[in-house]
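Reading through the structure tokens given below for one structure.
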Amino acid sequence: MLRSPTAVLFLFALGLLAIAGVQGRATTDEKGSQHVFELRTYYTHDGKLVDLHKRFRDHTCALLEKHGAKLIGFWTPQDEKEGKTSKLIYLVSFPSREAAVKTWKEFGQDPAWQKAKAESEKNGPIVQKVDSVFLDPTDYSAIK
Numbered sequence: 387m388l389r390s391p392t393a394v395l396f397l398f399a400l401g402l403l404a405i406a407g408v409q410g411r412a413t414t415d416e417k418g419s420q421h422v423f424e425l426r427t428y429y430t431h432d433g434k435l436v437d438l439h440k441r442f443r444d445h446t447c448a449l450l451e452k453h454g455a456k457l458i459g460f461w462t463p464q465d466e467k468e469g470k471t472s473k474l475i476y477l478v479s480f481p482s483r484e485a486a487v488k489t490w491k492e493f494g495q496d497p498a499w500q501k502a503k504a505e506s507e508k509n510g511p512i513v514q515k516v517d518s519v520f521l522d523p524t525d526y527s528a529i530k
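Its first residue numbered 387, the sequence shown is counted upward by one per residue in this note's numbering.
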């Protein structure tokens, strides 16, 4: 039985994607590395989730895509005890783990990101902590 709210949310998200018709086969590049997913959870400081949503909506999403990330979906918990007002969970994919490292490095160095981050944090930091888990799709996964 699944007890982790993040695991339950992740499985729910994958189910939604399957229903929506997001399907395919895992791709392999020249080095043999498989398409990977990254599940990221952002924990915000009190009262800052709205600011994080605004930053993603207005800047972060476009910049991540510019640097090669494929944004799959974004969620917040339904229940307060799970972080309804302080947690953002999202799923992003990359052609490989190496591509993910390159994307995050380029994203972090992008002057547009640095400006957006600085402007959005004029009243204090938004994000308290980030958890990240890289995932490989199984051969029976509806999304690959």
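We put the CB at the ideal spot given by N, CA and C, even for glycine. Bear in mind that the values here come from a model prediction, so they are computed numbers and not experimental data.
ask   = Does the distance from the CB of S479 to the CB of T430 come in under 8 Å?
value = Stepping through the sequence shown from its first residue, residue 479 is reached at position 93. Stepping through the sequence shown from its first residue, residue 430 is reached at position 44. Their beta carbons are not under 8 Å apart, which means S479 does not touch T430 by this criterion.
Continuous beta strand (DSSP E) stretch holding E466: start and end = Numbered from its first residue, the sequence shown carries residue 466 at position 80. Secondary structure note for E466: it is in no beta strand (DSSP E), with a DSSP letter that is neither H nor E.
task = Using alpha carbons as the reference points, say which of L474, G469 and K452 lies closest to G459.
result = Residue mapping note: residue 459 aligns to position 73 of the sequence shown, counting from 1. Comparing Cα positions, the closest option is L474.
query = So what does DSSP say about R411, is it helix, strand or coil?
reply = To locate residue 411, count along the sequence shown from 1; it is residue 25. Residue placement at R411 is poorly supported in this model, since its pLDDT is 38, which falls under 50; the coordinates still yield a value, given next. Looking at R411 - three-state DSSP - the assignment turns out to be coil, as it is neither helix nor strand.
query = Does the region 439–454 come close enough to the region 499–513 that 3 or more CB-CB pairs lie under 8 Å?
reply = yes
task = Determine the direct distance from the alpha carbon of W499 to that of V545, and round the result to whole angstroms.
result = No answer is possible for residue 545: it lies beyond the span of the chain, which begins at 387 and ends at 530.
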